[in-house]
Structures are given as C-alpha cells and as structure tokens.
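Chains as they are written, first to last, in my numbering: chain A, 261 to 411; chain B, 1297 to 1660; chain C, 57 to 195; chain D, -1 to 182; chain E, -4 to 367.
Ideal Cβ placement from N, Cα and C applies to all residues, glycine included.
These figures come from a predicted structure and were not determined experimentally.
These notes concern the structure reproduced below.
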Amino acid sequence: MTKEELKNNITELLPSTTFDETGEFLNVIIASDELLPFMKTLRSKSEFDFDYLFCLTCIDLNNHLMMVYHLISKTHNHCIVIKAKITDTIKPEIESVNSIWKTAELNEDEVYDLFGVKFLNHPNLRRLFLEEDWEGYPLRKNYVDENMIKL
Amino acid sequence: MKILLSYSFSSLASKISTWLSNVISNEMLLIITKMLILGISLLAFLVVLCFFLGYMERKVAAFMEIRIGPNRVGPKGSLQIVADTVKLLFKEGLTPDASDKFLFNLAPFIVVITSMLVVAPIAYAKDFQLWDISIGVLYVSSISSMGVIGILMAGWSSSNKYSLIGAMRSGAQIVSYELSIGLSLISIVILSGSMSLSEIVQSQANGWWIFKGHIPVIISFVIFIVASTAEINRAPFDLTEAEQELTGGFHTEYSGMKFAMFLLSEYINLFVVSAIAATIFLGGWMPFHIGSLNGFNHLMDYIPSSIWFFAKTFLIIFIIMWFRWTFPRLRIDQLLNLEWKYLLPISMVNILLVTIMTIMGWHF
Amino acid sequence: MKLTGYYFTHLKEIVTEEYPENRSTLKMMDRFRGEVLIQHDEKNEHRCTGCQACEIACPNGTIKIITKQEIQADGKKKKRLEAFVYHLDMCTLCNLCIVSCPSDAIVMGQNFEHSVYDKKQLKKILNNPGSKLMEGVEE
Amino acid sequence: MEERSVKMDIKKREEKGGLSFPGQLQETPDGGFLVTKLDEAINWARSNSLWPLIFGTSCCAIEMMSAAGAKYDWSRFGFEVARASPRQADLLIVSGTIVMKMAPVLKRLYDQMPDPKYVIAMGACTISGGPFFYNSYSVVKGVDHIIPVDVYIPGCPPRPEALLHAMITMQEKIKHEAYFRKTK
Amino acid sequence: MLLEQNHITKEGEFVINMGPQHPATHGVLHLKVWLDGETIKKVEPHLGYIHRSIEKMCERLSYRQFIFTTSRMDYLSAHINNQACALVVEKALQLEVPPRAKAIRIIMAELTRLASHQLWWACMGLDLGAVTPFFYAFREREAINEIWEETCGARLTQNYIVPGGVMMDTHPNFRKRVKDVMKQIKDKAHEYEELLTGNVIFQERLKGVGYLSREDAISYGCTGPTARASGINSDIRKLFPYDGYEQIKFDEVLNSGGDCWARYLVRIEEMKQSVSIIEQLIDIIPEGDFQVKTKNVIKLPKGDFYQRVETARGELGVYIVSDGAASPYRCKFRSPNLSNLSAIPKIAEGAKIGDLVAIMATVDLVIPDIDR
C-alpha cells in the first residue's frame, strides 16, 4: 500500500489520529491508551499485515514522552511509524506490545531501563542494562549525574 | 657400538643391581634402595618426558596452524615447558572456601598416581621392563580406569557447577569407553594367548599383530586409538574440559601446583596409551621385519630396541595430537552414541572374528 | 586431517612475522595512525597557531591547547601557543583533528610502541620547549 | 587548575630533560648469590610463561585475538596457553571498556587469580575511559580505579604489535621483581 | 550435602551462569541457563555489562563526531556502522554523494562483511573445539586488515567515512592489493570446505540443532543471516538499496533450513557474494571527487530521520530526531544483535549445553552492539 492508501485506511479505522508526513515514513500519532487494540488490528488485518517490528524506542520531549514503533510488513513491504504520546512524565505507563511481536520484550525492557516507561502486562519487566538500584533514567532530558563529566 | 646402543639399558640396570647388592648386605635395605632408585629415575624420566611432550604438542600445533610456536625460551623454545612448570610451582595454590578441602587437595594426587602406576609393566626395550606382571593387560586396563575417581573427586569437591558437569561427563565417558578399550585389547590377548605384555611382545617376533592379524586386528587397533583418545580426555573427546562450554571442566578451580599435576597426568596418560598401543599392536620394541628379506631384517636389527619402541610410541602420540588439532569437539550424546551404537557392537563382532581366526589358525 | 597434515609438512607456509626481531625492517603503512605529533623543522619552528580547531573537532577532549598573549614587534597583542597538551591515553586516533587543522600543523605519527608503567606519562606536550611559530603561517 | 598543573609539568620536564626509562626502578636489597640466582630463575620462568585470561569486552579483544593469530603469534613468547578459568591465569589483559556493572565482575576475576598476577590495560577505554570519558554515565574512567595495573598500552585499539610490546615491557618488569628479597 | 550448602541445587533446579566472562559468549553476555541434566530448560539473557551510553553521548556530539563513536558499537562492522550514520546525515541534508565515494564505500563495506564473517568462521571452529580454523581464517583477515591500514590508516575502527563521502582518497596500491586479497580468498576457499564444512563431526554438531521457524524469526525481529537462514528475505541491500547497491548484481542468500547448519551455509555463501561484489566494482571505480564539501558545522533540519543498512549481522537502523541544532536531539540505534539475541531463548529451548555454544556461534552476536 502507498502512503495515501495507508492514511485513508487508518483514518477509517481510528478517526482521532493525526498524521505527520514530513519524514520518509508515514507517522501516525495516537494516544497511549489506544495503542494495543490499534496495534492488534495492524498486525491481524490482512491488508496491513505489519508482522515485523523493527524499531521500538522512546523520545523525551520535555513535557511528554513519545513511544515510537517502526513497523514493516514482510508480505506487502510497506512501512509505517506509530507514535504514542504519553503525557504523564512522572509515572509513565503504556500497554506492552509483547503479545503481538515477541521482539518487543527486550526492547521494552530497554525503554523501561533508560526512560522509566512502565509497560503493563509485560512478562518480565526489568532493568536491562543498568543495575536494579540505579537512580534515575539516563536518557531523560532532566537526568542529572554528578559523576558525568561534560565536555 | 652396537652393544652399547642396543643393550645399554638392560646391562646398565643389571650392573647397578649387582653393584648395589655388593655394597648393601641387608636384604630389606637393598630392596628399599632399589625401589627408591627406580622410583626416582622413573619420576625423572616421566617429568622429562612430559616436558618433551608438552613442547612437542605446542610445536605440532604451531606448525599445523601455520605459525612458529615457542621459539624464545632456550634453543628453539625448548625450555618453554620448563619455564611453565617452574612458574606453576611458585604460583599460589588456591583452595576455594566452599570446596571440600580434603578431597579437593587429594584429587590431583590420585589422578597423577593412577596414571603413573600404569607405566610399570611397559617394556621399554629388549629385556628392560620394570615389572613383568603376568596379567599385564588386565592390570593396565583396570588401573587406568581408576583415574576417573580422581576426576570425579576434583569436579565434585570444587563446588563449582561447571566442574560438576565436567566430572559427570567424565564419569559417563570413561566408563563407556573402557569397554571398547578392553574388548580391543582382548582380541590381541586371544591371538597371542597371553596377558603378559612381555609375552605379547615376544609373540610378535615374526611380525607385528597389525600385519599378522588381518583386518580384525586393524579394526581393533583403530577402535583402540579412538577409544583411548576418549579415555584420556583429549580433543575431539575433551568434553570434560571443554573450554568453550565449561571453562575448564573439572579443573576449573585448580591453580598452581595442583593444576600442574593434572597437566602432568594428561601427558603421562597420553604416553601410556600410546605405549600400550605400540606394545600390543605394533610389536613393542620389536624391529620391523619383512618376511625373508634377511639383509633388510639385519639392518633393522642394528637399530636399538629402545629406539624402535619410542619411535612407535611417538608415532601414535603424533597421530593423537593430529586428531586434536584438526577435529571439532563432539557433543555429549553424540559421544555416547558413538560408543554404544558403533564402537561397542563393532568390537564385539570383531572379537568373534578374531576368535574364529585364532581357532582356525588363519593368522600368520 | 589432510589439510593440517599438509601445513605440518610445508613449513614455508608459515605466515608469522616475528615482531621484536623485525623491528628494524618493520615499517608501518604511510597512513597508519599511531599518535598525534606537531611537526617541527630544524629551526625548532612549528605551524600551530593555537586556533583550537582541533580541540573543538576532537570528539573526546583529547587535545587541550593553552595559549598566551604575546606582544608583537609592532605593539599588537597576539595569541600564541604555549602548550599543546595531548592525552594519548584518551586518544582514539580518529584523524578528525588532522582533517580540521587549517594550517597543517599536526600529523599522525607512525610510532605504536607506547607501553608505559605509569599512566601520567601518556599526557604529552607536543610542542618542543622553546619552539616558535613558523613565519608566514598565519596569513 | 588544569592550566597550572600543565605549566608545572612543563617546568619539570625542562628540568629533567626528558625521561629515558618509563616508570621508576626500585632499588632492591642484595640477598647474596644464591637468593639472587633463585630470584632470577623464578623471574625468568614467570616472565616467559605468562598465561593470559580469556577476557575481552569489546574492540580490543579482536586485536588481542589477532595477536594470538598466526601472523603475530604470541605463542613465541609462551603466552599462547590462554586459560578460560581465572584460577590458572597469570595475566589479565583488560581489553575493552569496563562499565559500572562490569566493574565488580572484573574485581572478582582479579581476586580469583592466584598470585603472582599481572594486569595490562589495553586501549584507551581501559586506561581512562577513552572515547567514553566525557558525557557518559556508565563507564569506569580507568580500570586502575578498580584493580592495580602494571602496564598501560594506549591506542584504540592498539596494534597487535603494540600488545606484544606491552607484554615485553611486562616481562621486563617481572624480571626486576624480587621473590625472596623484600623490597624496602 | 555440599551442593545444597552452596546453593548449587535449589528446589531441584540447576542454574548455571554463563558469563559475563565466558569464552563462548564472545564478550560479556550473561546467560542464565536452567538445566535438567545437560538439557536446557530455559535461558534468560542478562545484559548491560558493556552499556557505554553511546546514545546519550550522541546527544552532545556534533554530526561529524557522532559517527566515530558508532564504530565501537559493532566493531566488526565498524565501517558499515559509520556508513549508516553518514547516510542519515546525507539523507537529512539531501546531499548527493559522488559516485567515486559510493563505490569506495561499497567496496569497504563488503570487505568489512568478509572480514567479519571470517572472524565468525574462526570463532565458530574455536567454539566447537577445533582450534586450527581460527588461524587459517585470521590469515585472510589480516590481509584485509592491511588494505584498511593502507587506505584508512587503522586496522579495526577505520573511521574512514565522513558526511558527504570518504575522508581520504584511496591509496595508489588499493586496487592491486584488493585484487590480491580476493585471489587469496578464492584460492583458500577449499580449505574452509575441507576443515569444517566437510567434516562429519562438525555437520553432526550443527544439523537439526537450534531450529528457528520463519514465523518465530519474524516475530522476534531477527535480521541478517539469522533471518535469511529461516527463509526471510531481509537483505536491506536488496529491499532498500543505499549507496548504489541497486546497480550491483548479487544474490540474496536464502536458506529455509532454519537450523544452525542453515545459518552456517548462509554465511559461507555470503562471503562468496561479497567477493563477487568487490570484483565487479574494483575495476570500475569512477574517477572524480571522493567527498563533497560540507559546512564546517553541520546542522540537520527539524524532523525524524531513519536510515537502515545491512551490517554483517543484519539490519542496523539509525533513528535521529533533530531539533535543528548541531547535535542530535535523540539518537537511537536499532541494533541487529539485540533482536537476534531475543530469539536465543526460543532457539535454545531443549538443546544441550554443547548446542547452546553452537547456537551462540551461528547467531554470531557482538555484545557491545546490543548494549551500546
């Protein structure tokens, strides 16, 4: 499917989404509580068939966090970027997509570790890279570490 | 010159013996002195032998791997192993806190002692044998399998999971391969009609068993080499140590002196196994003769018997080293499959063949 | 077994280069990056103007340039290089400083034998004592 | 602060006129002929039989493997018996970055090695944190904060020859040790 | 009793910790393995022993500088990592790289792939207990290292790529040396066959071991040779060509076996493809500039940029969020090894300890790339 077709189909599916087409891919911006059912449809509906999650990350935009999911379909060979906005920066929470794509497990652990986003229904949420007692979430913009020497 | 070379060992031994009995009158003391001299010289011989084997292994490995190998310590690097040994001697010997200290410290000694015990009945040259026991073959196969107790002890007492797995593997492996070794030895016992190693050597005066015994003996020779490689835990059967899997297996926790003992026993075992193979299948110290070519046979006789023995032994050692530096390691279930599904049935059938051959007198 | 046997018997296939023995003949490739050096000519003059371009270009703060004010003959004050401090212990030899240098003052040296017992010796001052800026570099 | 220390360094360097031998040689008391000879023999053995621990964390480990490979072949010095178990190793080549989470493991490995043990810090990351000195929240800025280091070899990664040079430097150091004599 | 005292067996469980210092984990991966005898019940990876905060560092480095930190991620594909970063900057700036630079980049990238696979082959033998292949593979690898040293100046972390091209022109000897090395690799190919591929023990160790189905491979996000051995066409060079890969003839190596043996064959075949790519290009490197001049301080326009390349281990994605400043606002590296690692617990279930080593070897992880 081309970008336009994807856009139309998704608007049909979820009228409240907004789009951003500046980049290479079609960016779909949704609210964090709509994520899981939306993702499930993207995976299961045969005209989308996004079976491959190739990048999962998070961005700290100071006043809110943005989860970014890059998806590609191995059958149709089209890509899409889903961005889920998490407005609560103190206790951020979002549904895990581990039940749809297994690769999400470690990636979500990583985001939990570095951004502090808590994933609901995650099978084994733990700090992946840092020690369990590490304070703060280093990739947040407001992270301070007195041991870190800035250049 | 000929006399000096070929009979030096036995005549030297008898000379020392007579001199000692002249000097010392007390019979008990005489025996003790003799034993001491024997023991010390054997120990020295084994240590020097291990130095040589270690050096040989490194050089063989290096040349097979298109590199030079040790060349800086001593001439052509020949003192490399001496340096290693001295270093290990002066290294701290750690005993882990969690280990069973008595067994942990005992294990390396058991391993070394058992491998040294097997050296006794080997005939090194004509008329030169420490202990001509009438059940030589039985003695060798029974004592050599006792080494596994030491290994099990080492693995268990280390209180390290890798060691434990290594020891368990070792138990399974050695117990199974013991069978094939025994059966392939029995085929020669049947042929020669004796269990004494010296008599087995004597029975090959007119031709080595590997030539006389047709295909069945060649099969049992191959089985013996394969099984004994497994028995002494060398690659491709080095599952008990398996560096990439178990970081050293049963000797993971050993350091310094105690670790050196494991290395020592490994090389002694290598020598013993090759020596036994040379004695039983390749005629021990018997020179190579071809039927009725008398000139050739005389020429061969000029080469001292001890050189014949060591040449054969080192040939087999080289083959075992060659295995090690070529093949990847087997998996534990494949290892046991190889023994129970292939080697054991084959050697059983083989024994049958040998027996029939002996009864019918088909061998030369 | 055939292959390993082949190499065992063909010792001329050995590819080892004996390092400490071949030091006299060992020559690095001409672009090899061993360490950063300031080139000095025979009059003990270098080309470094102390512009700090390399310091800015360095991704990991390896270079520290210390300048001093010097009064020229015509009475003008000018920045001059006092010390080119180079932390070899942190340098990743990435070549970004060499590329960024506008006056080609620094080059990559070929020496790689830097082993020391004391970390402090890896902090180096690259300009020779008493060295001066070469004439005509600044124009 | 930085500037002042550097200026002092310049002064010192001018006074000394450059160093010839890296580090300082310690004077050891004479222990008589026999003890000295024994010392020499032991040091000879130790310096020629440094068994490294297989311990690589990142890029430098590849150059360490190169040094073991056929072209550089560290077995010529008797270093080829790389042990997987710290109990049997003499030399810890810290090749690659050490991060906060790895530091206790490294310390433990070092403690598990029996004496005498030696450490080579290979590459910029291990000496000072190297490229990860600034702006990084998780890298240990130099392994000498965790374990004592004998020889430093800078580079990112150093050439295999440089590693061999470091090991020869290490041998030199071992040859000047005293086993039976106590240092002052 | 001793075992109970030391908590070796707890509630009938036998857990071993492979790593962080273990020869089979190729670095500092820590695998917690639950065992039943020799059979593996469960594997849990523990990471972070080489987490160097590269993503955080990139937020403070300029676009020229951040390229060089990435060569420390997957150090065996250092050049391809650099290429990915340069490409994302070029994509954002809409820079057209001169054809000469493109050709040089591809040759270097394929040399990297070759060298990386050779190292994999060396370690593969080592892991399975055959020491000798290590030395034979390193002989060829050293030859490739010499090419890099001559042209780029370093042996492992070349740092040869800058935004807009390559840092220096190729060395005058470059063409001859590359041809010599290609000839050498082709001549010695039969040794690889003889030593490992044709060895019965070796085949027994790999065939039927560590099966990964196509569906699982997609779900776990496997990439690179690991995915291609399960029959997924995942080669970025074919799917989303970059730097002129679209003009080059080569086959995407696919194998539907899904086991360790398939992964082994895919990598061996990829080496041959790399050699053929280099041979196609080496004689027709276009003349011209090797670099476009860029501004001293590179500033990217606002927006998100994603660039993917095929490293020796699979798809590397560089995701940059720019706010228009001289350094990235957020920089994420999608590592191929992390997704391949996530499949290991699935692959290893029910295997033996010895198989785990074989699985680790065929999946070929580089740990610093996972931890970043």
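For residue i, count neighbouring Cβ atoms within 10 angstroms of its own Cβ and tell me buried if that reaches 16, exposed if not.
i	result
Gly140/D	buried
Glu12/D	Here the model assigns Glu12/D a pLDDT of 43, short of 50, so the residue's position is not dependable, and the following value carries that caveat. So Glu12/D ends up on the exposed side.
Leu23/D	With a pLDDT of only 49 at Leu23/D, under 50, the local geometry of the prediction cannot be trusted, and the value read off the model is given with reservation. Label assigned to Leu23/D: exposed.
Ser1313/B	exposed
Val51/D	The amino acid at residue 51/D is misidentified as Val; the sequence shows Leu. It counts as buried.
Arg89/C	buried
Phe19/D	Note that Phe19/D has pLDDT 43, beneath the 50 cutoff, so the model's placement of it is unreliable and the number below is only indicative. Looking at its Cβ environment, which holds fewer than 16 other Cβ atoms inside 10 Å, Phe19/D is exposed.
Ile60/D	buried
His185/E	exposed
His174/D	exposed
Arg79/C	exposed
Ser1551/B	buried
Lys10/D	Its pLDDT being 49, under 50, Lys10/D is placed unreliably in this model, and the coordinates cannot settle the point.
Phe1605/B	buried
Using the beta-carbon of each residue, which ones in chain E are nearer than 7 Å to residue i?
i	result
Phe53/D	Gln16
Ala68/D	Phe130, Phe133, Arg134
Val155/C	Met162
Give me the chain E residues within the contact set of residue i, using Cβ-Cβ distance strictly less than 9 Å, ordered along the chain.
i	result
Ser330/A	Before going further, note that residue 330/A is His rather than Ser in the sequence given. Chain E residues near His330/A: Tyr301, Gly312, Tyr314, Arg329.
Met146/C	Within chain E, no residue comes near Met146/C; the closest Cβ sits about 13 Å away, beyond 9 Å.
Met164/C	Gly148
For a contact meaning CB atoms closer than 9 Å, what does residue i contact in chain C?
i	result
Arg1363/B	Ile70, Val71, Thr72
His166/E	Met85, Asp86, Arg87
Can you pull the chain C neighbours of residue i, defined as C-beta to C-beta under 8 Å?
i	result
Leu56/E	Pro115
Against residue i, what residues of chain B qualify as contacts under a CB-to-CB distance less than 9 Å, listed in chain order?
i	result
Ala164/D	Within chain B, no residue comes near Ala164/D; the closest Cβ sits about 16 Å away, beyond 9 Å.
Chain G beta carbons: is any one of them nearer than 9 Å to that of residue i?
i	result
Glu370/A	Protein chains A, B, C, D and E are contained in the structure displayed, whereas chain G is not.
What does residue i reach in chain E if we use C-beta pairs closer than 8 Å?
i	result
Phe389/A	Leu42, Gly43, His46, Asp366
Pro398/A	Ser48, Lys51
Tyr1598/B	By Cβ distance, chain E contributes nothing, its closest Cβ being about 39 Å from Tyr1598/B, past 8 Å.
Give the interface partners of residue i over in chain D, defined as CB-CB distance under 8 Å, in chain order.
i	result
Asp405/A	Tyr135
Gln1376/B	Asn46, Ser47, Gly76
Using a cut-off of 7 Å between C-beta atoms, extract the partners of residue i located in chain C.
i	result
Asn154/E	Cys150, Asn151
How would you list, in chain order, the residues of chain D whose beta-carbon sits under 7 Å from the beta-carbon of residue i?
i	result
Pro363/E	Ser56
Run through chain D and tell me which residues come within less than 9 Å of residue i, C-beta to C-beta.
i	result
Val1382/B	Ala39, Ile40, Trp42, Ala43, Arg44, Ser47
Gly22/E	Gly54, Thr55, Ser56, Ala59, Gly94
- request: Evaluate the contact criterion for the stretch 1387 to 1396 of chain B versus the stretch 102 to 114 of chain D: three or more CB pairs, one atom per stretch, below 8 Å.
  value: Using a C-beta cut-off of 8 Å, the stretch 1387 to 1396 of chain B makes contact with the stretch 102 to 114 of chain D, since at least three inter-stretch Cβ pairs fall below that distance.
- prompt: For the stretch 70 to 86 of chain E against the stretch 299 to 307 of chain E, are there 3 or more C-beta pairs whose distance is under 8 Å?
  reply: Touching, per the Cβ criterion.
task: Would you check if the stretch 265 to 275 of chain E and the stretch 99 to 107 of chain E touch, i.e. whether three or more CB-CB distances between them fall below 8 Å?
output: As far as the Cβ criterion goes, the stretch 99 to 107 of chain E touches the stretch 265 to 275 of chain E, which means the pair count is three or higher.
- request: Take every Cβ of the stretch 36 to 48 of chain D, pair it with every Cβ of the stretch 1376 to 1387 of chain B, and state whether three or more of those distances are shorter than 8 Å.
  value: Yes: the two stretches touch, three or more of their Cβ pairs being nearer than 8 Å.
query: When Cβ atoms are compared, which residues of the stretch 95 to 112 of chain D fall closer than 8 Å to chain A?
result: Those residues of the stretch 95 to 112 of chain D that come within reach of chain A (Cβ to Cβ, closer than 8 Å) are Met98, Lys99.
- prompt: Per the contact definition of three or more C-beta pairs closer than 8 Å, is the stretch 1552 to 1569 of chain B in contact with the stretch 23 to 41 of chain E?
  reply: Judged by Cβ distances under 8 Å, the stretch 23 to 41 of chain E makes no contact with the stretch 1552 to 1569 of chain B, as fewer than three pairs qualify.
Inter-stretch contact at 8 Å, needing at least 3 Cβ pairs: the stretch 15 to 31 of chain E / the stretch 348 to 360 of chain E: In short, these stretches touch, since the Cβ pair count reaches three.
message: As an exercise, report each continuous alpha helix (DSSP H) stretch of at least 4 residues that is fully enclosed by the stretch 78 to 127 of chain E, in chain order.
response: Correct list: 94 to 122.
- prompt: At which residue ranges does the stretch 157 to 226 of chain E contain complete beta strand (DSSP E) runs of 3 or more residues, listed in the order of the chain?
  reply: DSSP runs (the beta strand (DSSP E)) wholly in the stretch 157 to 226 of chain E: none.
Proximal residues, the stretch 205 to 228 of chain E versus chain A, C-beta separation under 7 Å: Considering only beta carbons, the part of the stretch 205 to 228 of chain E lying closer than 7 Å to chain A consists of Ile213, Ser214, Tyr215, Gly216, Ile227, in chain order.
message: Could you check whether the stretch 73 to 80 of chain D touches the stretch 1361 to 1374 of chain B, counting it as contact only if at least three pairs of C-beta atoms, one from each stretch, sit closer than 8 Å?
response: A contact exists between the stretch 73 to 80 of chain D and the stretch 1361 to 1374 of chain B.
message: For the stretch 84 to 104 of chain C against the stretch 160 to 168 of chain C, do three or more pairs of beta-carbon atoms, one drawn from each stretch, fall closer than 8 Å, so that the two count as touching?
response: Yes, they touch.
Contiguous alpha helix (DSSP H) assignments of at least 4 residues, all confined to the stretch 329 to 380 of chain A: For the stretch 329 to 380 of chain A, whole alpha helix (DSSP H) runs of length 4 or above, ordered along the chain, are 364 to 375.
query: Can you list, in chain order, the residues of the stretch 1618 to 1645 of chain B whose Cβ is nearer than 9 Å to any Cβ on chain E?
result: Legend: CB atoms of the stretch 1618 to 1645 of chain B lying less than 9 Å from CB atoms of chain E belong to residues Arg1620, Trp1621, Thr1622, Phe1623, Pro1624, Arg1625, Leu1626, Arg1627, Ile1628, Asp1629, Gln1630.
task: Using a Cβ-Cβ cut-off of less than 9 Å, give me the residues of the stretch 1523 to 1538 of chain B that come near chain E, in sequence order.
output: The residues in question are Ala1531, Pro1532, Asp1534, Leu1535, Ala1538.
message: For the structure I just gave you, are there three or more beta carbon pairs, one from the stretch 278 to 297 of chain E and one from the stretch 199 to 216 of chain E, closer than 8 Å?
response: Counting Cβ pairs under 8 Å, fewer than three are found: no touch.
message: Counting beta carbon pairs with one atom in the stretch 1640 to 1647 of chain B and one in the stretch 165 to 172 of chain E, are three or more of them shorter than 8 Å?
response: Cβ pair count under 8 Å is below three, so no.
- request: Determine, using beta-carbon pairs with one atom in the stretch 1630 to 1643 of chain B and one in the stretch 1514 to 1525 of chain B, whether at least three such pairs fall under 8 Å.
  value: Touching, per the Cβ criterion.
- request: Tell me the start and end of each unbroken beta strand (DSSP E) in the stretch 48 to 88 of chain D that is at least 3 residues and wholly inside, in chain order.
  value: Within the stretch 48 to 88 of chain D, no complete beta strand (DSSP E) run reaches 3 residues.
message: Check whether the stretch 254 to 264 of chain E and the stretch 125 to 143 of chain E touch, using three or more Cβ-Cβ pairs below 8 Å as the test.
response: Contact between the stretch 254 to 264 of chain E and the stretch 125 to 143 of chain E is absent, because fewer than three Cβ pairs lie under 8 Å.
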